[in-house]
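**Q**
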DNA sequence: GATAACGAGG
DNA sequence: CCTCGTTATC
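Chains as they are written, first to last, in UniProt numbering: chain A, 1 to 262; chain B, 1 to 262.
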């Protein structure tokens, strides 16, 4: 028996909007500690990891570990039927192969329930090692989204270079080249407007903008994004979900030979 | 000679936006008592009835009954040229086959007139008997519109079931099922937010969501919608037009055999 | 032409 | 939070 009640239902709506472009089918894993998902994107290049900790729910009951396979587009269709201030409850009874999403309007006048069949999905649950990163950049998520969108109108890939002074995003395409430098800046009115760089050593890596632009669909989840970089390691683009967990996106850097012969 | 002056011209704009998706050509009937229209939708499944009473106009002159055939898309194109706070005058001289729409800006700085050829349209004017309905639901029009839109992302038809406690909208589709229950609620801040059920006996009927979604184009006309249901009778979805009349949509329920073999 | 996504205003 | 008006896209 599973019953998870989330008062801020809009959070779940945003989570699904942020990952459904990348992942079509995935298993949602429920345990006593939380609600999580890990899945490769359909072209097996990027990886999404979602965690919503049990403490973030108003009620969290999960009697035994459960892996529920769902088509994320269908989940998204159902969640779009929830109002932004609805309370969302996810239910699954033992011995059934369905999940129910229940939406309660704030004044309890409207109660909706949506039932969906679960699917069997093979998933290799990859252990993601905690790595030490050469550089970690924290910046406003809207600014990162704007940069990725802007650069993708010039080129297909971005070189992200971090030094102590700042982070540089560079691209090149048929029509020309572009460089956007964001300087470290801790002296701002609000901490979420800061750009902060924690650097062990300078690093410069190349990524496909197409995937980064998908990642930025998570921008509504957090004012801030954290980008963790190391040579030879996948970049981690993390959006924290207040009081509950995170959505993390992983993407392997392009190696230089690939850049020359795309 | 016909001359109708309507200070709140935006009303007429909204009326046309609400019915033009459903009906392409129709006769506008003018008599001493008011301005009305009755037409089937192009697939002959739904019926639209409009009434604007003479008292709602600032000037209303109609010397003899007149039936003016128009293409509603063309009328809508002209009315889109009127500002939302323009005063609209509809004119037709005897012995001509044209109608003139005149738009005056509030400060009288701009006066526009648009003349349109009338068309001959066969129309069987159906007498719509005043029926007793088993259940009449009054609810906020925006809420009804939201429900119809949400459910149509899951299924094609909706079962509307009314009991004393509330009204339930249910659908089923490939990805799952959905039920939305609205409880009767008279204790709200504003009367137009109430959901009120007048029920003689419980009723449950099935309708095509496609048509209901067209009906909800009339939502801007009224904060409130009234849904009148009886077994074997077409549902009536009514949007009252303040001080003037109404737009009513009629749609026959699907019978169960049709549900099974669509 | 209609819907979706975005940004501004109430 | 919702509504509107606009734009972009199919």
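Positions of the beta carbon are idealized from the N, C-alpha and C atoms, including for glycine.
Is there a Cβ from chain B that is less than 9 Å from the Cβ of residue 262/A?
**A** Unreliable positioning characterises residue 262/A in this predicted model, as indicated by a pLDDT of 48, which lies under 50. The coordinate reading is nonetheless provided below. It does not: the Cβ of residue 262/A has no partner Cβ on chain B nearer than 9 Å.
**Q** Rounded to whole angstroms, what's the CA-CA distance from residue 212/B to residue 205/B? Just pull it up for me.
**A** Distance between the alpha carbons of residue 212/B and residue 205/B: 13 Å.
**Q** Mind pulling the chain A residues with CB within less than 7 Å of residue 218/B?
**A** Residues of chain A passing the Cβ test: none, with the nearest at roughly 21 Å.
**Q** Run through chain B and tell me which residues come within less than 9 Å of residue 80/A, C-beta to C-beta.
**A** Simply 150 and 153.
**Q** Please state whether the Cβ-Cβ distance between residue 138/B and residue 196/B is less than 9 Å.
**A** Yes, these two residues count as a Cβ contact at 9 Å.
**Q** In three-state terms, what does DSSP make of residue 211/B?
**A** The answer is helix: DSSP assigns residue 211/B an H, G or I state.
**Q** Considering just the uninterrupted stretch of the alpha helix (DSSP H) at residue 81/B, what are its terminal residues?
**A** From DSSP, residue 81/B is part of no alpha helix (DSSP H); its letter is neither H nor E.
**Q** Could you check the C-alpha separation between residue 209/A and residue 152/A for me, to the nearest Å?
**A** Rounded to the nearest angstrom, the two C-alpha atoms are 6 Å apart.
**Q** Residue 43/B: buried (16+ other C-beta within 10 angstroms of its C-beta) or exposed?
**A** Flag for residue 43/B reads exposed.
**Q** What residues in its chain sit with their C-beta under 8 Å from that of residue 183/A, if we drop five residues either side in the sequence?
**A** Only 165, 166 and 195 meet the Cβ criterion.
**Q** Return the chain-ordered ranges of every beta strand (DSSP E) run that is complete within the segment 39 to 108 of chain A and spans a minimum of 3 residues.
**A** Qualifying beta strand (DSSP E) stretches, in chain order: 46 to 53, 59 to 62, 66 to 71, 87 to 92 and 98 to 104.
**Q** With a 10 Å radius around its C-beta and 16 neighbouring C-beta atoms as the bar for buried, classify residue 308/A as buried or exposed.
**A** The first residue shown for chain A is 1 and the last is 262, placing residue 308/A beyond what the model contains.
**Q** State the Cα-Cα distance for the pair residue 34/B and residue 149/B, rounded to the nearest angstrom.
**A** Straight-line Cα distance between these residues: approximately 33 Å.
**Q** Using a Cβ-Cβ distance cut-off of 9 Å, determine whether residue 176/B contacts chain A.
**A** At least one chain A Cβ lies under 9 Å of residue 176/B.
**Q** Can you name, in chain order, every residue of its own chain whose Cβ lies under 7 Å from the Cβ of residue 223/B, other than the five neighbours on each side?
**A** If we look at residue 223/B and ignore the five residues flanking it on each side, its Cβ neighbours are 140, 141 and 192.
**Q** Going by CA-CA distance only, name the one from 7/A, 62/A and 251/A that's closest to residue 104/A.
**A** Ranking 7/A, 62/A and 251/A by Cα distance to residue 104/A puts 7/A first.
**Q** Just verifying my parser: in three-state terms, what is the DSSP assignment at residue 253/B?
**A** It is coil, neither helix nor strand.
**Q** Just to make sure I have the definition right: I need the residues of chain A whose C-beta is within less than 7 Å of the C-beta of residue 180/B. Which are they?
**A** By Cβ distance, chain A contributes 110 and 112.
**Q** Name the residue from 154/B, 88/B, 119/B and 189/B whose alpha carbon lies nearest to the alpha carbon of residue 68/B.
**A** Residue 119/B is the option with its Cα nearest to residue 68/B.
**Q** Measuring only the C-alpha atoms, how far is residue 88/A from residue 12/B?
**A** If I take the Cα positions, the gap works out to 40 Å.
**Q** According to a CB-to-CB cut-off of less than 7 Å, which residues of the segment 110 to 138 of chain A neighbour chain B?
**A** Listed by position, the residues of the segment 110 to 138 of chain A near chain B (Cβ gap below 7 Å) are 110, 111, 112, 113, 114, 115, 116 and 117.
**Q** Hey, does residue 183/B have any beta-carbon neighbour from chain A nearer than 9 Å?
**A** By this cut-off, residue 183/B is an interface position.
**Q** At which residues does the beta strand (DSSP E) containing residue 197/B begin and terminate?
**A** Here the beta strand (DSSP E) through residue 197/B covers 196 to 199.
**Q** In terms of residues, what are the limits of the beta strand (DSSP E) holding residue 117/B?
**A** Where residue 117/B is concerned, the enclosing beta strand (DSSP E) stretches over 111 to 117.
**Q** Terminal residues of the continuous beta strand (DSSP E) containing residue 9/A?
**A** Where residue 9/A is concerned, there is no enclosing beta strand (DSSP E), although the alpha helix (DSSP H) it sits in stretches over 9 to 19.
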